[in-house]
Structure formats: structure tokens, C-alpha cells
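Protein chains in written order, with my numbering: chain V, 7 to 85; chain H, 230 to 422. Note that CB positions come from ideal geometry on N, CA and C, so glycine has one too. Every value quoted in this text rests on a predicted model; they were computed, and no experiment measured them.
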Amino acid sequence: MEKKTIYTWVTLLVLTVISGIISTQTSNYIPIIIILLASFKFIGVAFDFMELRKANVFWKILVLSFLTVFNTVVLIMLA
Amino acid sequence: METSKIDYKNVYYPPGGILLWIIIFLELITFGMALVAMVYYGNQEPDLFHESRLLLNVSFGTINTIILLTSGFFMALTVRQIKINNKLKAKKLLIVTIIFGMLFLVVKAFEYYAKIQAGLDLSYNTFFTFYWLLTLFHVVHVVVGLVILSTVYSGLNKENNETLIEDSEASAAFWHMCDLIWLLLFPIIYLIF
Chain V
7 MEKKTIYTWV
17 TLLVLTVISG
27 IISTQTSNYI
37 PIIIILLASF
47 KFIGVAFDFM
57 ELRKANVFWK
67 ILVLSFLTVF
77 NTVVLIMLA
Chain H
230 METSKIDYKN
240 VYYPPGGILL
250 WIIIFLELIT
260 FGMALVAMVY
270 YGNQEPDLFH
280 ESRLLLNVSF
290 GTINTIILLT
300 SGFFMALTVR
310 QIKINNKLKA
320 KKLLIVTIIF
330 GMLFLVVKAF
340 EYYAKIQAGL
350 DLSYNTFFTF
360 YWLLTLFHVV
370 HVVVGLVILS
380 TVYSGLNKEN
390 NETLIEDSEA
400 SAAFWHMCDL
410 IWLLLFPIIY
420 LIF
């Protein structure tokens with residue numbers, strides 16, 4: 007259990023550093039990549055740190071739905 | 230300490246409690262709508278938002294993300310120790326969680342000081358109005374979270390411990406909510422414009 011959480015934590019830190027580095031690049035795809043990396047981090051915190059993976063499927067769907075709607079709206083506006 | 234099993238698969242008992250999860254969703258929706266508004270205004274004035282974004286220090290944002298995620302990691306470990314009734318280890322992990330939370334505020338204070346010194350205050354432009362309102366509102370949540378964690382620590386310290394697993398889980402859920410909100414704020418405010 008703890009090992010998995012350590013892996014999640016390290017992954018979250020690596021994704022954060024990658025986001026910071028790629029934000030200095032200039033490409034139309036950079037905002038999309040940054041938003042997707044942030045989504046992975048969001049899922050990592052919610053499902054592992056907050057133990058949402060143990061919760062009823064209703065809560066999992068609710069969190070993922072929020073994330074999907076938020077990202078879709080932001081990415082459409084950025085396009 | 231209460232060590233009875235909680236049926237998380239029951240829709241009414243998500244980890245942290247249903248009331249906390251209602252609050253979490255309300256907070257996420259509130260911050261989410263404000264961020265969508267920020268992106269909308271960013272589309273109206275792309276050059277201003279790009280130039281303003283470059284005035285922010287991405288290193289401060291990245292360091293603070295790492296600090297907050299690390300704090301969340303130790304919080305997750307704390308709850309697991311509380312669940313197996315290892316009070317001593319839980320207390321140590323909780324202290325580390327609180328220290329990282331305070332470190333977040335220290336870095337934020339340095340960042341805010343630099344912005345105020347440079348004259349980049351709330352009324353500087355639309356970008357900085359969003360920057361100040363969103364990050365300050367988040368800081369308020371972090372401060373409230375630290376107060377809650379301190380009460381959990383004080384509960385664990387008492388001989389006649391009345392801190393329930395549900396209490397620690399609810400406190401942890403609030404603390405992780407600060408992570409979730411920051412994970413939405415960081416890319417949009419610091420990186421994408």
C-alpha cells in the first residue's frame with residue numbers, strides 16, 4: 007500500500023517538473039500537454055492520496071466527470 | 230481510538246465523509262468556473278495575459294506544487310498509520326505534513342512580497358486581478374487546512390484519545406482538496422498563457 011503511494015508521489019513530482027520545463031517551449035500543443043499532465047496529477051491525488059479508488063463508483067464517476075468537463079471547456083477556449 | 234471498518238463501497242460513505250465531498254465539489258466548481266472565466270478573458274487579451282504570465286516566477290509555482298504534493302503524500306501516510314492505530318508514527322507524519330504546509334505559505338509570502346514590490350497588485354491588470362483573487366482564496370484554504378490538521382494533532386496527543394478515523398479522514402480530505410485546487414490553478418495561472 008505505502009509503496010504504491012510512494013510511486014504515485016514520485017510520479018506527481020516528475021510530472022510537475024516536466025510541466026515546468028515544457029512550459030518554456032513554444033508550440034500550439036504545449037497548453038494541451040500541460041492540461042493533460044495536470045489531469046494525471048489530479049487523478050493521482052484523488053484516487054491514491056484520497057483513497058477514492060476504494061469508494062463507490064458514483065464518486066469516481068463524479069470526479070472524472072468534473073475533470074473531463076473542466077478540461078474540455080478550457081481546451082475548447084484555448085483552441 | 231475507533232478502529233472499526235468503514236464500508237467505503239457504500240455510496241454514502243466516501244473516504245472523508247459525504248459532507249466533506251459535497252464541500253470538495255462545491256469548491257472545485259467554484260474555482261473551476263473562476264479559472265474558465267480567466268481563460269475567457271485571456272482569449273480577449275492574449276498579449277496582455279502572455280506578458281503578465283511572464284512576470285510570474287514559474288520556479289515559485291513549481292516549488293510550491295512540489296511542496297504541497299509532498300505534504301499531501303505525508304498526509305496520506307498519516308491516515309494509514311491512524312487506521313492501524315500507530316499513534317506515535319501518525320503524529321510524526323502529521324508534523325511533517327504541517328511543516329510542508331507552512332513551507333508552502335512561506336514560499337507564497339516571498340512570491341507575494343516580490344509582486345507587491347514590483348507594483349503588480351490586484352488592480353495592475355485583469356491577469357493580476359485573477360492571480361491575486363484565486364491564489365489568495367487558495368491560501369485561505371491552506372490556512373484553514375493547517376488549523377484543522379493542528380486540531381487533529383492535538384487530538385492525537387491527548388491521553389484519552391477521542392479522534393475517530395472518520396475525523397482524520399475528513400481532515401485529510403480537506404487537506405487534499407487544497408492539493409486538487411492548486412493542481413487546477415498552477416497550470417492555468419503559471420504555465421499556459
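Relative to Tyr360 of chain H, the option among H:Ala263, H:Tyr242 and H:Ile247 whose CA is nearest is H:Ala263. In the three-state reduction of the DSSP assignment, Ser352 of chain H falls in the coil class, being assigned neither a helical nor a strand state.
Residues of the same chain with a CB within less than 6 Å of the CB of Lys60 of chain V, apart from the 5 flanking positions on each side, do not exist.
Taking 7 Å as the cut-off between beta carbons, none of the residues of the region 325–352 of chain H comes near chain V. When Cβ-Cβ separations below 7 Å define contact, Asn272 of chain H makes contact with chain V. For the options H:Met406, H:Leu412 and H:Asn386, the alpha carbon positioned closest to that of Asn315 of chain H is the one of H:Asn386. Rounded to the nearest angstrom, the gap between the Cα atoms of Ile394 of chain H and Val268 of chain H is 40 Å.
Annotated as proximal: Tyr382 of chain H and Leu323 of chain H, with beta-carbon spacing under 7 Å.
Counting only runs of at least 3 residues, the region 363–395 of chain H fully encloses no beta strand (DSSP E) element at all.
Listed along chain H is no residue with a C-beta nearer than 8 Å to that of Thr32 of chain V; the closest approach is about 11 Å. Among the residues of chain H, none has a CB under 7 Å from the CB of Lys9 of chain V; the nearest is roughly 12 Å distant.
Contact between the region 65–79 of chain V and the region 25–33 of chain V is not established, with fewer than three Cβ pairs separated by less than 8 Å.
Asn293 of chain H and Val20 of chain V have their C-alpha atoms spaced approximately 14 Å apart. Between Lys321 of chain H and the set H:Ala338, H:Ile410, H:Lys337 and H:Ser300, the nearest pair of CA atoms involves H:Ser300.
For Leu413 of chain H and Lys10 of chain V, the gap between their C-alpha atoms comes out near 24 Å. Apart from sequence neighbours up to five positions away, the residues of its chain that approach Phe53 of chain V with a beta-carbon distance below 6 Å are Arg59, ordered along the chain. For Leu284 of chain H, the nearest beta carbon of chain V is not closer than 7 Å to its own beta carbon.
Contact between Glu398 of chain H and Gly290 of chain H is absent: CB atoms are separated by about 29 Å, not below the 8 Å threshold.
At least 7 Å separates the beta-carbon of Leu298 of chain H from that of Ala402 of chain H.
For Phe356 of chain H, the closest C-alpha among the options H:Phe278, H:Phe254, H:Tyr341 and H:Ile258 is that of H:Phe278.
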